[in-house]
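Please read the structure below before turning to the comments.
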C-alpha cells in the first residue's frame with residue numbers, strides 16, 4: 001500500500017493508532033484494486049493471463065517458458081508482489097484455470113464442472129432457473145447453438 005494512503009486506513013485501539021501496511025480483505029474496492037494492480041504489472045506481458053492471484057504463463061518451448069517465468073517473476077518482484085512456492089505449479093502441459101483445462105493450444109471445459117451440469121436437478125423456481133442458466137452460460141462457447149438450446153429456460157426465467 002502506498003505510504004500516502006496508509007493514513008486513510010487508520011483505526012484506534014487500546015494500544016494506540018494503527019494503520020494497515022497492506023490492503024485488508026473485505027474492503028469493497030479491494031478486489032478491483034488488486035486486479036488493476038495485477039493488470040498494471042503483467043498486462044504488457046503477452047504470454048501471461050491473470051485473474052486476481054491466479055497467474056498463467058504460456059510458452060511454445062521449455063526454453064521460452066523459462067524466460068517467460070523469469071520476466072513474470074521480475075515484474076511481480078518490481079511491483080512488490082511475492083510468489084509462494086507451495087502454490088506454484090511450473091512446467092505442466094495442461095492446467096485447470098478458471099474452470100477450464102488449458103494446454104497445448106487447447107481450451108476445454110473442466111470435466112468435473114460439466115459433470116455437475118449434467119447432474120443438476122430440474123430447477124423449480126425462477127431463482128434456480130437463473131442459477132442454472134448462469135452456470136451453463138459460462139460454458140456456452142463449447143455448445144453449438146447454445147442460445148436455441150437454452151431458449152426454453154430463458155423464456156421460463158422471464159415469465160411473470
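In UniProt numbering, the protein residues as written are 1 to 160. All C-beta atoms in this analysis are idealised placements derived from N, C-alpha and C, irrespective of residue type, glycine included. Remember, it's a predicted structure, so these values are computed and weren't measured experimentally.
Collapsing the DSSP output to three states places residue 34 in a helix. Annotation for residue 96: no alpha helix (DSSP H) segment contains it, though the beta strand (DSSP E) segment containing it runs 95–97. Going by C-alpha positions, residue 68 is about 26 Å away from residue 31. For residue 56 against residue 49, the beta-carbon gap comes to about 5 Å, under 8 Å, which counts as contact. DSSP links residue 107 through a beta bridge to 102. Per DSSP, residue 15 has no beta-bridge partner at all.
For residue 140 and residue 148, the gap between their C-alpha atoms comes out near 11 Å.
Residue environment for residue 102: buried (at least 16 other C-beta atoms within 10 angstroms of its C-beta). Secondary structure of residue 122 (DSSP, three-state): coil. With respect to the C-alpha of residue 110, the residue from 123, 117, 96, 121 having the closest C-alpha is 96.
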